[in-house]
Amino acid sequence: MQKLTNKEEEIMHILWKLEKAFVKDVLAEIQEDKPHYNTLSTIIRNLEEKGYVSYNAFGKTHQYFPIVDKEAYKERFMNTAIENYFNNSYKNVVSFFAKEEKISVDELKEIIALIEKKK
């Protein structure tokens, strides 16, 4: 699975949400920094080349749809981030969020309960 640019990832989130879309549909979903139609079309074709999307042809226009599941992408993205930034340690991930005050004590208790439930 090739790494996506930020813009490609934004487009994938739109395609996961819409499930099937023409370029104009994707363009309508972009809130900020709307690219030109042709630029967006190129980005989507790049996603196709990378194996993330496919399409159904309707004459000269294409309706695109994701062929990589959002959950599969999320798992790959998280595993890579944990490996590259946290020495492959989930403890380091949780510690990072605790130090940054991005996770509450109650949320940590919920995580512990989930872990204990699986035992």
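In terms of our numbering, the sequence shown has 128 at position 70, counting the first letter as 1, and numbering is strictly consecutive. Heads up, the beta-carbon is just placed ideally off N, CA and C, and yes, glycines get one too.
Residue i classed as buried or exposed, judged by whether at least 16 other C-beta atoms fall within 10 angstroms
i, result
"residue 115", "exposed"
"residue 143", "exposed"
Residue interval of the beta strand (DSSP E) (run including residue i)
i, result
"residue 119", "119 to 124"
"residue 139", "Here residue 139 belongs to no beta strand (DSSP E); instead the alpha helix (DSSP H) covers 128 to 143."
"residue 113", "111 to 116"
Through-space distance from residue j to residue i, alpha-carbon basis
i, j, result
"residue 126", "residue 71", "11 angstroms"
"residue 151", "residue 117", "49 angstroms"
"residue 107", "residue 172", "39 angstroms"
"residue 153", "residue 140", "12 angstroms"
"residue 136", "residue 82", "31 angstroms"
"residue 179", "residue 96", "Here the chain comprises residues numbered 59 to 177, so residue 179 is not present and cannot be evaluated."
"residue 94", "residue 64", "17 angstroms"
"residue 174", "residue 164", "15 angstroms"
"residue 98", "residue 75", "17 angstroms"
Beta-carbon proximity list for residue i, same chain, < 6 angstroms, skipping 5 on both sides
i, result
"residue 59", "134"
"residue 161", "155"
Cut-off 8 angstroms between Cβ atoms - residues of its own chain near residue i, not counting five sequence neighbours on either side
i, result
"residue 232", "The chain is shown only over 59 to 177; residue 232 falls outside these bounds and no answer can be derived."
The alpha helix (DSSP H) enclosing residue i, as first and last residue numbers
i, result
"residue 64", "64 to 76"
Cutoff 7 angstroms; reference residue i; Cβ partners in own chain excluding five residues on either side
i, result
"residue 62", "70"
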